[in-house]
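K.L.:
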Ligand code: SF4
Ligand code: FES
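Chains as they are written, first to last, in our numbering: chain Y, 8 to 254; chain F, 3 to 141.
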């Protein structure tokens with residue numbers, strides 16, 4: 008086995024170039040080296056000007072998402088040996104503006120997220136003296152999968168609908184809305200539905216399904232959105248057929 | 003403080019990439035998606051074809067025979083074969099989608115998605131068998 012591998016890294020230095028360029032670096036092919044380890048080697052040993060985001064190195068913080076050989080990946084979970092003999096293309100996540108090198112601007116998602124109220128909404132808070140809101144394991148099971156999201160944005164990078172129409176709410180935000188809708192303690196599903204029933208909400212999704220394919224945490228945003236569509240359609244039907252009180 | 007915060011001197015110089023018109027050729031999954039979208043055209047074609055046949059039947063034997071001759075012409079056969087392939091793609095991807103949209107519970111247990119999908123396939127087989135029985139039984 009060769010003892011080094013080439014990284015073809017996208018650079019973008021707004022102060023000196025108007026378009027991204029590609030720069031090659033040879034890094035050691037360590038047996039347990041992730042693409043992120045390779046980038047950190049570049050940063051420490053070869054070229055300190057390379058910019059990228061990372062923090063936990065263990066698939067928890069969601070900050071190291073990049074495009075590796077065309078696929079959105081957490082670079083701390085993508086191993087160099089799997090790409091040997093290389094070269095490995097490392098690009099910033101697609102569908103987001105690039106700030107610098109491999110760093111993208113995800114403010115769009117951060118601004119959209121609060122509009123679906125991703126927290127527990129109560130019509131009336133129970134006083135603390137009444138104790139905590141209890142939940143059975145089955146009730147936990149209903150939403151737990153969606154609560155695993157780490158906001159890594161791989162799903163947005165994989166979603167052509169979002170790429171073509173940045174107004175689209177996007178996979179993770181809808182999955183997170185669903186995470187609270189399905190929580191037995193929550194009472195905010197009506198308000199969330201009002202937001203997500205808009206064209207840019209669930210109906211923007213054409214079920215390409217790639218968000219689910221690339222999600223590193225098994226969230227299945229595509230499934231969440233299709234389930235949500237079914238709920239929304241049922242609710243709309245009900246509002247036509249039933250008198251107000253019965254809904 | 004007013005207006006947008008300027009994080010750096012180069013804040014406005016984000017690089018925005020454009021999606022190419024041919025984005026759907028870049029990945030197998032995207033191509034399958036576009037083909038599935040396209041398949042709805044062929045579903046519509048089968049509906050039109052069925053309606054034409056119904057009309058011909060309603061107009062008596064002569065018209066029906068003429069319809070059959072038209073339906074047997076090479077280009078209609080080719081179109082129908084292509085349409086059949088697309089409709090199959092449509093049906094199969096639809097069946098695989100259903101368990102994602104529907105969470106079925108039996109006695110409090112969540113029925114696994116594969117079972118939901120399998121039950122639809124079973125329904126498909128039963129219905130097809132019924133139609134074949136109708137045709138063969140009648141002939
Ligand atoms: S749904 Fe998955 S891919 Fe999307 S942001 Fe959350 S963890 Fe990342
Ligand atoms: S560095 Fe935290 S998820 Fe990769």
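Just so it is clear, CB atoms sit at the ideal spot from N, CA and C, and this is done for glycine as well.
Could you give the C-beta distance for residue 215(Y) and residue 156(Y), rounded to a whole number, given that I count them as a contact under 8 angstroms?
P.N.:
Here the question's residue 215(Y) lines up with position 208 in the first chain. Here the question's residue 156(Y) lines up with position 149 in the first chain. That pair is no contact at about 18 angstroms.
K.L.:
Please compile the residues from chain Y whose C-beta is within a distance smaller than 7 angstroms of the C-beta of residue 55(F).
P.N.:
Indexing the second chain from 1 puts residue 55(F) at position 53. What residue 55(F) touches in chain Y: nothing, since even the nearest Cβ is about 32 angstroms away.
K.L.:
Under 7 angstroms between the Cβ atoms of residue 103(Y) and residue 117(Y)?
P.N.:
Along the first chain, read from residue 1 onward, the residue named residue 103(Y) stands at position 96. Along the first chain, read from residue 1 onward, the residue named residue 117(Y) stands at position 110. Going by C-beta atoms, residue 103(Y) is not nearer than 7 angstroms to residue 117(Y).
K.L.:
Can you give me the C-alpha to C-alpha distance between residue 15(Y) and residue 95(Y), rounded to a whole angstrom?
P.N.:
As a first step, residue 15(Y) is located in the first chain; it is residue number 8 there, counting from the start. As a first step, residue 95(Y) is located in the first chain; it is residue number 88 there, counting from the start. About 6 angstroms.
K.L.:
Kindly give me the distance between the Cβ atoms of residue 36(Y) and residue 74(Y), rounded to whole angstroms, as I take these residues to be in contact under 8 angstroms.
P.N.:
Taking the first chain and counting its residues from 1, one reaches residue 36(Y) at position 29. Taking the first chain and counting its residues from 1, one reaches residue 74(Y) at position 67. No, residue 36(Y) and residue 74(Y) are not in contact; Cβ-Cβ is about 20 angstroms, not under 8 angstroms.
K.L.:
Sort out for me which residues DSSP pairs residue 98(Y) with in a bridge.
P.N.:
Locating residue 98(Y) in the first chain gives position 91, where the first residue counts as 1. DSSP output for residue 98(Y) lists 74(Y) as bridge partner(s).
K.L.:
Give the single residue among 151(Y), 132(Y), 18(Y) whose Cα lies nearest to the Cα of residue 29(Y).
P.N.:
By one-based count along the first chain, residue 29(Y) stands at place 22. Residue 29(Y) has its Cα closest to that of 18(Y), out of 151(Y), 132(Y), 18(Y).
K.L.:
Helix, strand or coil: which one does DSSP assign to residue 58(Y)?
P.N.:
As a working note, residue 58(Y) is residue 51 in the first chain. Residue 58(Y): coil per DSSP, three-state reduction.
K.L.:
Residue 216(Y) versus chain F: which residues are under 8 angstroms apart at the beta carbon?
P.N.:
If you number the first chain from 1, residue 216(Y) lands on position 209. Those are 31, 35, listed as they occur along chain F.
K.L.:
Strictly under 7 angstroms for the Cβ-Cβ distance: is residue 90(Y) near chain C by that measure?
P.N.:
Of the protein chains in the structure, Y and F, none is chain C.
K.L.:
How big is the Cα-Cα spacing for residue 244(Y) and residue 223(Y)?
P.N.:
The count along the first chain starts at 1 and reaches residue 244(Y) at position 237. The count along the first chain starts at 1 and reaches residue 223(Y) at position 216. Looking at the two C-alpha atoms, the distance is approximately 36 angstroms.
K.L.:
Mapping the DSSP letters down to three states, classify residue 217(F) as helix, strand or coil.
P.N.:
Outside the shown range of chain F, which is 3 to 141, sits residue 217(F), and nothing can be said about it.
K.L.:
My output table needs one value for residue 249(Y): the three-state DSSP class, helix, strand or coil.
P.N.:
The residue you call residue 249(Y) lines up with position 242 of the first chain. Three-state DSSP puts residue 249(Y) in coil, outside helix and strand.
K.L.:
Mind checking whether residue 73(F) and residue 233(Y) have CB atoms under 7 angstroms apart?
P.N.:
As a working note, residue 73(F) is residue 71 in the second chain. As a working note, residue 233(Y) is residue 226 in the first chain. Cβ distance not < 7 angstroms, so residue 73(F) and residue 233(Y) don't count as in contact.
K.L.:
Buried or exposed: residue 99(Y), going by 16 or more other Cβ atoms within 10 Å of its Cβ?
P.N.:
By one-based count along the first chain, residue 99(Y) stands at place 92. Flag for residue 99(Y) reads buried.
K.L.:
Relative to chain Y, which residues along the segment 86-118 of chain F have a C-beta separation below 8 angstroms, given in chain order?
P.N.:
Those would be 99, 102, 103, 104, 105, 110, 112, in chain order.
K.L.:
Would residue 24(F) pass as an interface residue toward chain Y - the criterion being a Cβ-Cβ separation below 7 angstroms?
P.N.:
As a first step, residue 24(F) must be located in the second chain, where it is residue number 22. No, no contact with chain Y.
K.L.:
Closer than 7 angstroms by beta-carbon distance: list the chain Y residues that pair up with residue 66(F), in chain order.
P.N.:
Working through the second chain from its first residue, we reach residue 66(F) at position 64. Those do not exist, as residue 66(F) stays about 40 angstroms from chain Y at its closest Cβ, beyond 7 angstroms.
K.L.:
Grouping DSSP H, G and I as helix and E and B as strand, with all else coil, what is residue 341(Y)?
P.N.:
An answer regarding residue 341(Y) cannot be provided, because it is not within the stretch 8 to 254 covered by chain Y.
K.L.:
Can you find a C-beta in chain Y that's less than 7 angstroms from the C-beta of residue 123(F)?
P.N.:
Here residue 123(F) refers to the residue found at position 121 when the second chain is read from its first residue. Taking Cβ atoms only, chain Y never reaches closer than 7 angstroms to residue 123(F), which makes this a no.
K.L.:
Compute the Euclidean distance between the alpha carbons of residue 61(Y) and residue 50(F), then round it to the nearest angstrom.
P.N.:
The residue labelled residue 61(Y) in the question sits at position 54 within the first chain. The residue labelled residue 50(F) in the question sits at position 48 within the second chain. In a straight line, the C-alpha of residue 61(Y) is about 56 angstroms away from that of residue 50(F).
K.L.:
Please report how far the alpha carbon of residue 149(Y) lies from the alpha carbon of residue 200(Y), in whole angstroms.
P.N.:
The sequence position of residue 149(Y) within the first chain is 142, counting from 1. The sequence position of residue 200(Y) within the first chain is 193, counting from 1. If you take the alpha carbons of residue 149(Y) and residue 200(Y), they lie about 18 angstroms apart.
K.L.:
Run through DSSP, which three-state label would residue 41(F) get?
P.N.:
Start at 1 with the first residue of the second chain, and residue 41(F) comes out as number 39. Helix at residue 41(F).
K.L.:
Do you know offhand how far residue 138(Y)'s Cα is from residue 113(F)'s?
P.N.:
Here residue 138(Y) is taken as the residue at index 131 of the first chain, counted from 1. Here residue 113(F) is taken as the residue at index 111 of the second chain, counted from 1. When rounded, the distance between both Cα atoms is 33 angstroms.
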